[in-house]
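Residue numbers (the UniProt record's numbering): 1 to 313. Don't be surprised by glycine CBs; every beta carbon is placed ideally from N, CA and C. What follows is a set of notes on a single structure, which appears directly below.
Here it is in structure tokens:
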């Protein structure tokens, strides 16, 4: 049972889209084109900036760059697929909700290098350099929300690991105080399927275990599956002291990743971080982003995200 008959039709469509990773990659337009076309259609200001010393990454500025607040966004797609229109649409919804509370916000949308062109830790380097660029532009840490969905949330956590425990070979990023927030939407925190939700939700979710294993293999060598690339490996002591004021970890009850995400959320609680873990009944992977794409009535995942963002001070 899905949220509605219409949602089940939507989910069936995306099961087919994501059913073959190589095929999806072959037909998907590049991130830059997706962002440019979607921003044009939605009448969103769009500027592109090369990120220095980042091995080719770009930061797409979506919205008014004079805003005091920024969401630094890392898109999902198993590190192998480009951004979707729905990523832009959901970020636009977030910005509009924040604007209604007089928190004018711009989005810094990272265009990172996809697999099979590059592997870990290239994407971590690019995320680090993106945050450094944002800081260099004068954004205060207390005005920065780092956010991501699926693999993008994995990248956000990789960045947090690097801030806490700098990884050799990646430049250190330093700042005073704490970041405003960390938004994790259906985070990909574990690369294996050793939990009940993989079996329970294999026919419910929009992603499947075979494709996710292949994408993980494309992304990281077995020897590099550490706390930096696979967040569930890290203990609570690893995350203690993470410099963020608030964390939202939101996920669907119908996800393959549900049990891993819930376990990881408890680890963040044990680290004594200010974290809100929200499992959304009847929701699949990145459900709020799919709602944005199809124009369907927002569900718990989207509403929870907007309330959390509006509540950040």
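Contact between residue 104 and residue 69 is confirmed by a C-beta separation of about 7 Å, below the 8 Å threshold.
For residue 113, the closest of 227, 31, 222, 280 by C-alpha to C-alpha distance is 31.
Counting only residues of its own chain and dropping the five nearest sequence neighbours on each side, residue 249 has a CB closer than 8 Å to the CB of 184, 187, 261, 264, 265, 268, 275, 276, 277, 278. Under the DSSP definition of a beta bridge, residue 105 partners with 69. As far as DSSP is concerned, residue 202 takes part in no beta bridge. Under a 10 Å Cβ-count criterion, residue 292 is classified as buried, with 16 or more other Cβ atoms of the shown protein chains found around its own Cβ. Note: residue 279 is bridge-paired with 251 in the DSSP secondary-structure output.
When Cβ pairs closer than 8 Å are counted between the two stretches, the segment 88-95 is seen to touch the segment 285-299, the count reaching three or more.
Sorting 270, 239, 196, 119 by C-alpha distance to the C-alpha of residue 254 places 196 at the top. Residue 223 counts as exposed, since fewer than 16 other C-beta atoms from the protein chains shown sit within 10 angstroms of its C-beta.
Non-local C-beta neighbours of residue 194 in its own chain, meaning closer than 8 Å and more than five positions away in sequence, are absent. Residue 133 holds the alpha-carbon nearest to the alpha-carbon of residue 174 among 217, 133, 149, 191.
Here the segment 60-67 does not lie against the segment 119-134, with fewer than 3 beta-carbon pairs under 8 Å apart. The alpha-carbon separation between residue 192 and residue 227 amounts to approximately 14 Å.
Short of 7 Å from the beta carbon of residue 206, and not among the five residues preceding or following it, lie these beta carbons of its own chain, in chain order: 11, 14, 15, 18, 284, 285. Residue 139 and residue 225 have their C-alpha atoms roughly 32 Å apart. Assigned with DSSP and collapsed to three states, residue 286 falls in coil, not helix or strand. With a cut-off of 8 Å on Cβ pairs, the segment 147-154 is in contact with the segment 70-85, counting three or more such pairs.
Taking the Cα of residue 26 as reference, the smallest distance to any Cα among 116, 232, 8 is reached at 116.
In the three-state scheme derived from DSSP, where H, G and I count as helix and E and B as strand, residue 47 is classed as strand. Separation of residue 45 and residue 167 (C-alpha to C-alpha, rounded to the nearest whole angstrom) is 35 Å.
As the crow flies, the alpha-carbon of residue 299 is around 20 Å from that of residue 99.
Leaving aside the five residues that flank residue 234 on each side, the residues in its chain whose CB is nearer than 8 Å to its CB run, in chain order, 161, 227, 267. Judged by their CB atoms, residue 106 and residue 67 are nearer to each other than the 8 Å cut-off. With a beta-carbon spacing of about 21 Å, residue 306 and residue 273 fall beyond the 8 Å limit used to define contacts.
Cβ atoms of residue 178 and residue 245 come within 8 Å of each other, at about 5 Å.
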